[in-house]
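Just so it is clear: in the sequence shown, position 8 is 14 by this note's numbering, and no numbers are missing. Idealized CB from N, CA, C, for every residue including glycine. It should be emphasised that the depicted structure is a prediction, and the values quoted were computed from it without experimental measurement. Please read the structure below before turning to the comments.
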Amino acid sequence: MIIKLYTTLGCHLCEQMEQLVAQAAFEQSLDIHLQHVEISGDDQLEERYGIRIPVIQKPTGEELAWPVTLPQLIAFLT
Numbered sequence: 007m008i009i010k011l012y013t014t015l016g017c018h019l020c021e022q023m024e025q026l027v028a029q030a031a032f033e034q035s036l037d038i039h040l041q042h043v044e045i046s047g048d049d050q051l052e053e054r055y056g057i058r059i060p061v062i063q064k065p066t067g068e069e070l071a072w073p074v075t076l077p078q079l080i081a082f083l084t
């Protein structure tokens, strides 16, 4: 499954979200591929996600924003 990660350069919370997704995928044996979406330089993305990142999005369009726990993330991904 391709999961979008809305992020920007220097976002330490985004790095934490990426690690949490990797942990959830490992623990649940999920085939997850992160697609990093840089929001800086895109006015629409900056307006939508600027203060919410990191945000992950499933192919269905459903989103989950930080802060998130591992159990919440697993429930979101499964």
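Comparing C-alpha positions only, which one of the options sits nearest to residue i?
i	options	result
residue 72	22, 15 and 8	22
residue 64	14, 20, 84 and 33	84
residue 42	56, 14, 53 and 49	14
Measure the C-alpha to C-alpha separation of residue i and residue j and round it to an integer number of angstroms.
i	j	result
residue 18	residue 33	23 Å
residue 44	residue 38	19 Å
residue 47	residue 9	21 Å
Between which two residues does the alpha helix (DSSP H) holding residue i run?
i	result
residue 57	Per DSSP, residue 57 belongs to no alpha helix (DSSP H) and is neither H nor E.
residue 80	76-83
residue 70	First-last for residue 70: 69-71, but that is the beta strand (DSSP E), not the alpha helix (DSSP H).
Contact check, residue i vs residue j under 8 Å by CB: the rounded distance?
i	j	result
residue 24	residue 11	6 Å
residue 79	residue 70	7 Å
Three CB pairs or more closer than 8 Å across the region 52-71 and the region 28-37
no
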